[in-house]
Amino acid sequence: MRLSIISFTSRGAKLSEKIKDILQDNYEVKCFSKKKSYKDIQFVGDSIYSWTKRQFSERNQIIFIGACGIAVRAISGCVKNKLADSAVVVIDEKGQYAIPILSGHYGGANELAIFVAAKLDAIPVITTATDISDLFAVDVFAKKNGLFIGNKYGIAEVSSKVLDGQPITMSIEDDHDMYLEEHSVSIRNTIINIKKFPPKEKVDVVIADKNNKQLKTNTINAALYLYPKKYVLGIGCKKNTSFAKIEEFILEKLDELSIDIEECVAITSIINKKNEKGLVEFSNKHQIPFYTYTADELKKIKGDFEESEFVKKTVGVGNVCETSALFYSKNQGKVVMHKMARDGVTLAIIEENWRISIDEE
Numbered sequence: 174m175r176l177s178i179i180s181f182t183s184r185g186a187k188l189s190e191k192i193k194d195i196l197q198d199n200y201e202v203k204c205f206s207k208k209k210s211y212k213d214i215q216f217v218g219d220s221i222y223s224w225t226k227r228q229f230s231e232r233n234q235i236i237f238i239g240a241c242g243i244a245v246r247a248i249s250g251c252v253k254n255k256l257a258d259s260a261v262v263v264i265d266e267k268g269q270y271a272i273p274i275l276s277g278h279y280g281g282a283n284e285l286a287i288f289v290a291a292k293l294d295a296i297p298v299i300t301t302a303t304d305i306s307d308l309f310a311v312d313v314f315a316k317k318n319g320l321f322i323g324n325k326y327g328i329a330e331v332s333s334k335v336l337d338g339q340p341i342t343m344s345i346e347d348d349h350d351m352y353l354e355e356h357s358v359s360i361r362n363t364i365i366n367i368k369k370f371p372p373k374e375k376v377d378v379v380i381a382d383k384n385n386k387q388l389k390t391n392t393i394n395a396a397l398y399l400y401p402k403k404y405v406l407g408i409g410c411k412k413n414t415s416f417a418k419i420e421e422f423i424l425e426k427l428d429e430l431s432i433d434i435e436e437c438v439a440i441t442s443i444i445n446k447k448n449e450k451g452l453v454e455f456s457n458k459h460q461i462p463f464y465t466y467t468a469d470e471l472k473k474i475k476g477d478f479e480e481s482e483f484v485k486k487t488v489g490v491g492n493v494c495e496t497s498a499l500f501y502s503k504n505q506g507k508v509v510m511h512k513m514a515r516d517g518v519t520l521a522i523i524e525e526n527w528r529i530s531i532d533e534e
């Protein structure tokens with residue numbers, strides 16, 4: 174996960190370094206300052222608006238150390254929708270309060286604020302209705318289960334029932350829930366009635382493969398549709414291959430297989446490509462996490478792979494795309510497209526098994 178921290182005073186800069194130390198095990202953190210450059214802190218010479226716009230396109234989450242007003246004005250021109258926006262948290266320069274102001278649920282701003290506040294002995298200021306009432310949040314549930322939201326307007330309909338204290342109904346495609354019979358569970362003071370799939374009447378939430386036949390024939394009626402992110406894109410490329418060539422090739426192959434980009438859970442490659450500009454840009458644009466592995470890790474994946482002697486001499490393994498995708502899936506995925514190559518880009522696509530976790534209280 175990538176995260177940027179920006180401060181505006183010397184005290185704020187010191188706090189940003191402290192937060193970086195707290196988060197560095199789980200985040201790729203970069204610190205910035207509008208005051209001046211410090212060791213390991215980059216000075217921002219252009220406007221805060223330009224910086225923020227750049228961070229929205231390059232980073233996943235942002236922490237402003239300063240006043241909420243500064244952050245609100247800075248992000249005002251970048252906000253799109255709750256599923257696409259970066260998570261934004263504001264922390265005062267004394268480290269007393271951590272306030273998520275954008276993308277609290279799906280982007281993870283609430284979770285980030287709570288975690289950092291605990292480490293700083295600060296107070297997280299959470300304002301989302303389901304959280305302050307300790308109720309089930311369907312968008313958080315979707316994110317934790319690796320699901321993408323097919324119709325974001327359905328979130329409000331489901332959340333409205335939850336906030337009114339009503340139970341909600343959910344139907345999960347067969348073989349992807351640990352239970353076979355209809356049952357009820359309680360999650361965060363919310364009753365969820367699990368119905369057989371396909372449901373005979375309208376339900377609040379349906380979870381199914383996007384290409385499910387019943388969904389395609391419009392025989393299932395739900396307020397909210399959730400689909401699994403189940404495809405892993407294993408990618409290799411020549412150094413400095415352009416983003417345009419990478420994106421064109423990948424989207425073309427996905428289209429041939431009738432796979433939507435939203436169904437992709439991860440991009441994988443070898444550690445040498447961790448900072449490959451075209452791959453990083455593709456990951457950022459399409460909001461797909463990018464994972465890289467060492468040659469020794471990829472060598473653990475055994476199989477009859479098409480290999481390149483040149484690549485093997487260069488990075489230590491002859492097939493990057495297929496082995497990295499299989500490594501991500503713990504060698505349990507199904508290969509839906511073996512290594513394909515064009516314009517210096519190699520691509521393999523793995524389909525993972527998916528399962529929904531519904532934890533009772």
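Under my numbering, the first residue of the sequence shown carries the number 174, and numbering increases by one thereafter. Just so it is clear, CB atoms sit at the ideal spot from N, CA and C, and this is done for glycine as well. In this text, all values refer to a predicted model and were calculated from it rather than measured experimentally.
With DSSP as the reference, identify every bridge partner of residue i, one or two as the case may be.
| i | result |
| --- | --- |
| residue 244 | Beta-bridge pairing links residue 244 to no other residue. |
| residue 201 | 175 |
| residue 538 | A question about residue 538 goes unanswered here, because the residues of the chain that appear run from 174 up to 534. |
| residue 507 | 524 |
| residue 356 | 367 |
| residue 211 | 214 |
| residue 434 | BP columns for residue 434 are empty, so no partner. |
| residue 344 | 368 and 379 |
| residue 180 | 206 and 238 |
| residue 439 | 405 |
Helix, strand or coil for residue i, going by three-state DSSP, please let me know.
| i | result |
| --- | --- |
| residue 407 | strand |
| residue 532 | coil |
| residue 221 | helix |
| residue 494 | helix |
| residue 520 | strand |
| residue 570 | Beyond the ends of the chain as shown, which are 174 and 534, falls residue 570; an answer cannot be given. |
| residue 381 | coil |
| residue 556 | Since the first and last residues shown for the chain are 174 and 534, residue 556 lies out of range. |
| residue 500 | helix |
| residue 475 | coil |
| residue 515 | strand |
| residue 216 | strand |
| residue 157 | Missing from the structure shown is residue 157; the chain here goes from 174 to 534 and no further. |
| residue 422 | helix |
| residue 399 | strand |
| residue 237 | strand |
| residue 206 | strand |
| residue 481 | coil |
| residue 415 | coil |
| residue 327 | helix |
| residue 194 | helix |
| residue 374 | coil |
| residue 338 | coil |
Taking residue i and residue j to be in contact with their CB atoms under 8 Å, please state how far apart those CB atoms are, rounded to whole angstroms.
| i | j | result |
| --- | --- | --- |
| residue 365 | residue 341 | 6 Å |
| residue 502 | residue 471 | About 13 Å; that fails the 8 Å criterion. |
| residue 318 | residue 301 | 19 Å between Cβ atoms; not a contact. |
| residue 260 | residue 285 | 6 Å |
| residue 308 | residue 362 | 6 Å |
| residue 522 | residue 510 | 4 Å |
| residue 524 | residue 507 | 5 Å |
task = Count the CB pairs spanning the segment 479–488 and the segment 388–396 that are closer than 8 Å, and state whether there are at least three.
result = no
Segment contact flag, the segment 269–288 with the segment 203–220, C-beta cutoff 8 Å, min 3 pairs = no
key: Any 3 or more C-beta pairs closer than 8 Å across the segment 399–419 and the segment 440–449   = With a cut-off of 8 Å, the segment 440–449 and the segment 399–419 count as touching, because enough Cβ pairs lie within range.
ask   = Taking one C-beta from the segment 303–320 and one from the segment 276–291 each time, how about it: are there three or more such pairs within less than 8 Å?
value = yes
Three CB pairs or more closer than 8 Å across the segment 415–434 and the segment 445–455 = Yes, the segment 415–434 is in contact with the segment 445–455.
ask   = Are the segment 175–182 and the segment 226–242 touching by the rule of at least three beta carbon pairs closer than 8 Å?
value = The segment 175–182 is in contact with the segment 226–242.
key: At least three beta-carbon pairs within less than 8 Å, the segment 317–335 to the segment 221–233   = no
request  = Write down every uninterrupted run of the alpha helix (DSSP H) in the segment 246–324 whose length is 4 residues or greater and which is fully enclosed by it, in chain order.
outcome  = 282–293, 302–305 and 311–317
message = I want to know whether the segment 400–407 touches the segment 420–435 - three or more CB-CB distances under 8 Å.
response = yes
task = Would you mind listing the alpha helix (DSSP H) stretches within the segment 441–468 that are 4+ residues and don't spill past its ends, in chain order?
result = 450–459
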